[in-house]
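Step one of this worksheet: look at the structure below.
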Amino acid sequence: MIRIEIPGFGNLELQHLVCDYNGTLALDGQLQPGIAEQLSRLASQLAIHVITADTFGQARAELAGLPVSLHITPLENQAQTKLEFVQKLGAAVTAAIGNGRNDCRMLDAAALGIALIQREGGAATTVAAADVVCSSIHDAIALLHNPKRLIATLRS
10 MIRIEIPGFG
20 NLELQHLVCD
30 YNGTLALDGQ
40 LQPGIAEQLS
50 RLASQLAIHV
60 ITADTFGQAR
70 AELAGLPVSL
80 HITPLENQAQ
90 TKLEFVQKLG
100 AAVTAAIGNG
110 RNDCRMLDAA
120 ALGIALIQRE
130 GGAATTVAAA
140 DVVCSSIHDA
150 IALLHNPKRL
160 IATLRS
């Protein structure tokens, strides 16, 4: 669990991290360099879930051996499926990271929503729904490793 008190934003007691795969953890289906190590380290504090339609069909192989649960979903109704997944875990104890239009609703519902604008880009609706926007998955995960960065960004 990660506990963070953010003045003017609220207290976070995070138990889960839900990540999109393509455009977030991976580029063109391949896990970005260094992400496996960062996820392994973070898994000691949070249950990590990866939810994806697996556009490139490589998520299972790329995530093999990592302490994450993989959820491959149908192409239809992705935004709703991701939202319902976060709600089932408990939105109040979940952080979510994503970049695509289908990530918008899960980021909005999660206690902490982090939008990414990386090489695949970031959907404007998803960026608007997020609490924080980062330019790399490495920076997004580092926020969870270093909660004072979140406090500096989100306090009012």
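Under the working numbering, the first residue of the sequence shown is numbered 10, with each subsequent residue one higher.
Beta carbons are placed, not taken as given, at the ideal position from N, Cα and C, and that holds for glycine.
If you're wondering where the values come from, they're calculated on a predicted model, not measured in any experiment.
Can the beta-carbon of E129 be found closer than 8 Å to that of N111? Contact: no.
To the nearest angstrom, report how far apart L84 and I60 are at their CA atoms. 12 Å
For the alpha helix (DSSP H) containing T82, list its first residue and its last residue. Careful: T82 lies outside any alpha helix (DSSP H) and carries neither H nor E.
In angstroms, rounded to a whole number, what distance separates the CA positions of V136 and L92? 16 Å
Quick check on D37: buried or exposed, where buried means 16 or more other Cβ atoms within 10 Å of its Cβ? D37 is exposed by the Cβ-count criterion.
In terms of residues, what are the limits of the beta strand (DSSP E) holding I126? Run containing I126: none; DSSP gives neither H nor E here.
DSSP state of N31 mapped onto helix, strand, coil: Strand.
Assumed close pair V102, A124 - CB separation to whole angstroms, cut-off 8 Å: With a Cβ gap of about 20 Å, V102 and A124 do not count as contacting.
Does DSSP put Q39 in a helix, a strand or coil? strand
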